[in-house]
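First to last, the sequence lines map onto chains D and X. Per this note's numbering, the first sequence runs over residues 1 to 804. Per this note's numbering, the second sequence runs over residues 1001 to 1359. To start, the structure under review is shown below, and the notes come after it.
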Amino acid sequence: MKLSYEWLSEYIDLSHISPEELGEKMSRTGIEVDSVEVLGEQLQRIVVGRTVSVSDHPDSDHLHVVMVDVGEEEPIQIVCGAPNVSENQKVVVALHGARVAGGHKIKKGKIRGEVSNGMICSLQELGIPSQLVPKASENGIYVIEDPSVKVGEDAIRLLGLDSAIIELDLTANRADALSVRGAVCEIAAIYGLQHKMEKDVFEVAETSSIPEWIEVHADHKDDVQAYHMLVIENVTIKPSPVWMQRRLIASGIRPINNVVDVTNYILMEYGQPLHALDYDRLEHKQIAVRRAKEGEKLVTLDGVERSLTDEIIITDGVNPIALAGVMGGLDTEITAVTTTVALEAALFSPAAVRKASQTHHLRSESSIRFEKGVNRSTVLQAGRKAAEWIAELGGGRVVDAIASVQNVPVVEPIVSIRYERINHVLGTSLTKEEVHGIFNQLGFSAREADEVFYVTIPTRRWDISIEADLIEEIGRIYGYDRIPATLPTTSSTRGGLTEKQRFIRWTRQTLQALGLSQAYSYALTTPEKAVWFTSNPLESVRLDMPMSEERSTLRQSLLPSLLEAVQYNVARSQQTVRLFEVGRVFAQESTQQFVEKEVIGACITGNEKTEAWNAPLEKVDFFSMKGIVEAYLKEMNLDRRVRFEALQDVAELHPGQSATIYLDEKVIGLVGRVHPILEKENGLKPTFVFELELLPLFEAQQQARTIQSVPKFPGTSRDLAVLVPQLCPHAQLVELILQHGGALLKDVRLFDVYEGDRIPTGYKSLAYSLQFLNREATLTEEEVSQAMNRIIEALQTVENLEIR
Amino acid sequence: MRDGGIQMDLKEMLQQFDSIQEQVMQALEQAVNVKELEKVRVELLGKKGPITEALRNVKHLLAEDRPKVGAVVNELRATVESELQKKKAYLEAIELERALKEETLDVTLPGKTAAIGTKHVLSHVSDEVEDFFIGLGYQVVEGPEIESDHYNFEMMNLPKNHPARDMQDTFYITSEYLLRTQTSPVQARTMEKHDFSKGPLKMISPGRVFRRDDDDATHSHQFYQIEGLVIDKHITMADLKGTLEAFSKAMFGQDRQVRLRPSYFPFTEPSLEVDISCFKCGGEGCAVCKRTGWIEILGSGMVHPNVLEAAGVDSTVYGGFAFGMGQDRIAMLKYGIEDIRSLYTNDVRFLEQFAGKPE
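Okay, structure coming up:
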């Protein structure tokens, strides 16, 4: 909302407060000021002139030579190209030596041989944005039709261009300041000043009709709290006076004509939306406020035909004539030929107006105010004021009576607040006198009894309804700077992370230590990618109204987004990328049941380590990634409970280089290479991923570990090599060995895998080192040999296995 | 005679030993490295060496001479052994010296690299914030990202059709479920469960939130928030100010000043925006603070009675403060990051810059 400093100054003495200071003070006490600017800061030497004569330029088909009276002894000659220049117009003249918008300097000179001593200006040339310039002047010079304006007058001041515009960024609760009157009250309160405005006067008219003229029906009190209609007759439509135009322009509103301008002016001054319509174009004179019927039509002022559903509408008794609180209808619009004006001042349901404005994508100054609230006391006061202005500016007369329906009585609420509560919440030590002083400054009358203040809240502050609201008022007027800074004194609490949060932090550190960098990626992706890298996807969670397909669906795996990140890096010549993320994945079991799981995902590509002069470059492979998984699991002592099984049915993974990861009998994740087709599509070299569910790991690793004393007796090891078909899984052999090795066999380590010339094709040689230990006694040769024999015997049951 | 074999004269035998000694000494003298020395030891003192050989003839001596030979041989062995050790030590010292010389490296060459991953800047921030508040006795509580309208809005004093719902355009999934727009629903959930008879509630809730925003340099449809809540019987706005002042100093430096401005949030009353004096220019005005000397970092306020009551907390007895900050914004301010999207694209050249321990 834009506030004109000059307008404010009419009602409150700001002579000792600069606009900048005012802005700063308002920001610090509750209403954020976005900017303070003077539109015509650069303007100089611009006055009102009157065209004395206009003749065609001898050397041009569109220029005119104009003699202009600028209040000096002799008229001056100016060459002007505006199509709308004519004799005896009051215009804005930039004299020799003037500065206009953009800092351009105007100098005497000749234009095609004719002397020109200045420039007749358009409003745009004075820095006013086109959309605020009255239609008639939009494509030419600004013609002043206001008789009170004198030739020679300073036009910069006349147009208010020397005055600051203060732009407020109002929070939703402070709509009371969405008007000049509201802002003046606020300024009076924060500075402790008196204002010069007429007081809020609540009045109710006696009847719901103006006999002979009009009847009003508005029964539904939830939809319409109050509805008043006034009639002004014998009105002449013309431009409004310059002082009104300049205030509207400063407020960001384009002047239209005297009637519409008055409604907008009062809207700005009171915050009360009004609607003026052409009385003679009402087919029936029976105004009725009701809900629209499905399918009813209304062409609004913007020329759009609206199909209605259940909005609150105004009808003439039969046909819709306005969308209540949002926009009027085109058929009853004020036009140049209007002579009788019907003026509506009403109070509509905020929720209904909000809904209608959303449905029709129509947000107007009016709808915004109804949504956020208006002062219930001044509905009719504002309406009367507007009617008087219309009559005055249009040379008409306000018809005596008012048609009025007041469905909801207006009372000023009393909010009580315990004296003790104020200091209790603010942490201050305000005296009762200080509290009284603050209420007084705010213009609230307060009575105190038994340590309780009973505060009467004026209707202009409809944001205040509970004790906490009053505490805020007291706090901000007292000044938050003056509130002390302390720390809470409570009984002691134990702060800390939960076991699971600690586990997540530990996981992050461990993966970093294993050479992976932490990534953060978007949870929303495409419906296709959402289910990538999943064996048995559940139903994805999809947004009702996504902004784009790209971000429409919640992911079921971290891997698609990590893959994207890797691809992003590779595309920027970063060949080695090693990323992990700990984050959530989502799915739904029903429209009421959602699944959110924490998972750990990682993706690597490129080289094993960073390039070095003394080490060969090694590409990452499946076993690099598996090694990371194993190291992480080993850190949790879970390596013995985890197994890997070949995985072939995940479309995004290489069917020969992927494994399902089991913890005991439960699937907890997968590790593998990205499918070569997908790699190729993304311009990637071999790329490897893993994903693990966090919760089962967290639960499994929580089991207390027992620490054994270091063995007192030496162990021994035996080597064993076997020749097996290439596809015979290592894990199966290890399982056999462990099963048959007996209690003394502590570990089986694979130390060599050989495939090549020295063994038959299709075979591989696996060499194991078996570690034996007896914790109670020195091992005997015999014990170890027996164990080895059992193992060999068991291994020989494996098809095509040969002990080497 | 025991076996009637060849008789051997003692003297002759002793001479033999003398010559062996001479032979050994000479060989030792000639050895130029430990390896050769070892060869000498094996050849001359070993099982197949001349001493052993000579001793075979002891049986040909007279019985009474035999012990004498033993003494001589022992002496010979000791002498040779000692010489050998001396020589060995000498040769080893030379060899070590040579080896050290040969093994000398250019220590300025780079080492073999071990890749260590980096912590993401958003985690740097959340860890730091969490640790600060943990130190003040707060718990860290998390909640679902898919949230009900009830917890996300209604429990936060934002009934349907509340105008402030415009402030945060929401990604709805169904009419009842949505992607949470704030982490405050976690506060509502925690308040509902907390047993206030057992003591105050002090918590922070970090996490991901979503808003319907087009992604650009300063907007992101996904970002992270940390909100805090303290509820007890006597919590004041002064406590809020003191807490945030301590936090700002810990996070942005000891010289920071805190300024509170009235604002509006539906879930607090009074509501406050919190500015800190600019850590870049110290308050004189620069590009970071847009020439104002102040930077807005937090929203906060005293918890609205409706929020307390909605969670079943008696607002006439209990009250407290709440605050919330954008993790992304803190990260961007603190590290001078210009584009919020760089927090989510995971460019390794960006990530690498956050290596090392947190400051």
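No residue lacks a Cβ here, since even glycine has one placed at the ideal position from N, Cα and C. Quantities reported herein were computed from a predicted structural model and do not represent experimental measurements.
| query | result |
| --- | --- |
| So, is the C-beta of residue 597 of chain D closer than 8 Å to a C-beta in chain X? | no |
| How would you write the range of the alpha helix (DSSP H) that residue 1066 of chain X sits in, first residue to last? | 1066-1102 |
| Check whether the region 767-786 of chain D touches the region 712-729 of chain D, taking contact to mean three or more Cβ pairs, one atom from each stretch, closer than 8 Å. | yes |
| Run through DSSP, which three-state label would residue 80 of chain D get? | strand |
| Answer yes or no: does any C-beta atom of chain D fall closer than 8 Å to that of residue 1345 of chain X? | yes |
| Just to make sure I have the definition right: I need the residues of chain X whose C-beta is within less than 9 Å of the C-beta of residue 426 of chain D. Which are they? | 1236, 1237, 1238, 1270 and 1302 |
| Quick one, which residues of the region 510-528 of chain D are near chain X if we go by CB-CB under 9 Å, in chain order? | 511, 512, 513, 514, 515, 516, 517, 518, 519, 520, 521, 522, 523 and 524 |
| Evaluate residue 1362 of chain X with the Cβ neighbour count: other Cβ atoms within 10 Å of its Cβ, from every protein chain shown; 16 or more gives buried, anything less gives exposed. | The requested residue 1362 of chain X is not part of the displayed model; chain X covers only 1001 to 1359. |
| Inspect the CB distances between the region 216-234 of chain D and the region 331-345 of chain D and report whether three or more fall short of 8 Å. | yes |
| If you measure from the beta carbon of residue 469 of chain D to each beta carbon in chain X, is any gap under 8 Å? | yes |
| May I have the straight-line CA-CA distance separating residue 643 of chain D from residue 658 of chain D, to the nearest angstrom? | 13 Å |
| Select from the region 684-695 of chain D all residues with a C-beta closer than 8 Å to any C-beta belonging to chain X, and list them in chain order. | none |
| Closer than 9 Å, Cβ to any Cβ of chain A: which residues of the region 1168-1184 of chain X, in chain order? | In the structure shown, chain A cannot be found, because the protein chains are D and X. |
| Using DSSP's beta-bridge definition, name the partner residues of residue 607 of chain D. | D/619 |
| If we define contact as Cβ-Cβ less than 8 Å, is residue 1200 of chain X a contact residue for chain D? | yes |
| Just mark residue 971 of chain X as buried or exposed, buried being the case when its beta carbon has 16 or more other beta carbons within 10 Å. | Nothing can be reported for residue 971 of chain X: it is not among the residues displayed for chain X, which extend from 1001 to 1359. |
| Determine whether the Cβ of residue 486 of chain D lies closer than 8 Å to any Cβ atom of chain X. | yes |
| Using 8 Å as the limit for Cβ to Cβ distance, is residue 577 of chain D near chain X? | yes |
| Within 10 angstroms of its Cβ, does residue 1383 of chain X collect 16 or more other Cβ (buried), or is it exposed? | Chain X is shown only over 1001 to 1359; residue 1383 of chain X falls outside these bounds and no answer can be derived. |
| Name, please, each residue of chain D whose Cβ falls closer than 9 Å to the Cβ of residue 1113 of chain X. | 609, 610, 611, 612 and 615 |
| Taking the continuous alpha helix (DSSP H) assigned at residue 246 of chain D, which residues delimit it? | 242-250 |
| Buried or exposed: which applies to residue 393 of chain D, given that a residue is buried once 16 or more other Cβ atoms fall within 10 Å of its Cβ? | buried |
| Using 8 Å as the Cβ pair cut-off and three pairs as the minimum, do the region 585-596 of chain D and the region 1137-1153 of chain X touch? | yes |
| Based on DSSP bridge pairs, tell me the residues matched to residue 518 of chain D. | D/580 |
| Spatial neighbours of residue 1338 of chain X within its chain, please: C-beta separation below 8 Å, excluding the five flanking residues on both sides. | 1217 and 1332 |
| Measuring only from the beta carbon, is residue 733 of chain D closer than 7 Å to any heavy atom that is part of the ligand GDP? | This structure simply doesn't include the ligand GDP, nor any ligand for that matter. |
| Can you tell me the Cα-Cα spacing of residue 402 of chain D and residue 205 of chain D, whole angstroms? | 6 Å |
| In chain D, which residues lie less than 9 Å from residue 1151 of chain X when you measure between Cβ atoms? | None at all; the shortest Cβ gap to chain D is about 13 Å. |
| Determine, for residue 460 of chain D, whether the minimum Cβ-Cβ distance to residues of chain X falls below 8 Å. | no |
| Do you know how far the Cα of residue 1335 of chain X is from the Cα of residue 1353 of chain X? | 10 Å |
| Return the CA-CA distance between residue 1065 of chain X and residue 1010 of chain X, expressed in angstroms with no decimal places. | 7 Å |
| In this structure, does DSSP put residue 202 of chain D in helix, strand or coil? | coil |
| Leaving aside the five residues before and after residue 587 of chain D along the sequence, list all residues of the same chain whose C-beta is less than 7 Å from its C-beta, in chain order. | 538, 539, 540, 541, 556 and 595 |
| So what's residue 1250 of chain X in DSSP terms, helix, strand or just coil? | helix |
| So who's on the other strand from residue 111 of chain D, going by DSSP bridges? | D/114 |
| Could you tell me whether the Cβ of residue 1157 of chain X comes closer than 8 Å to any Cβ of chain D? | no |
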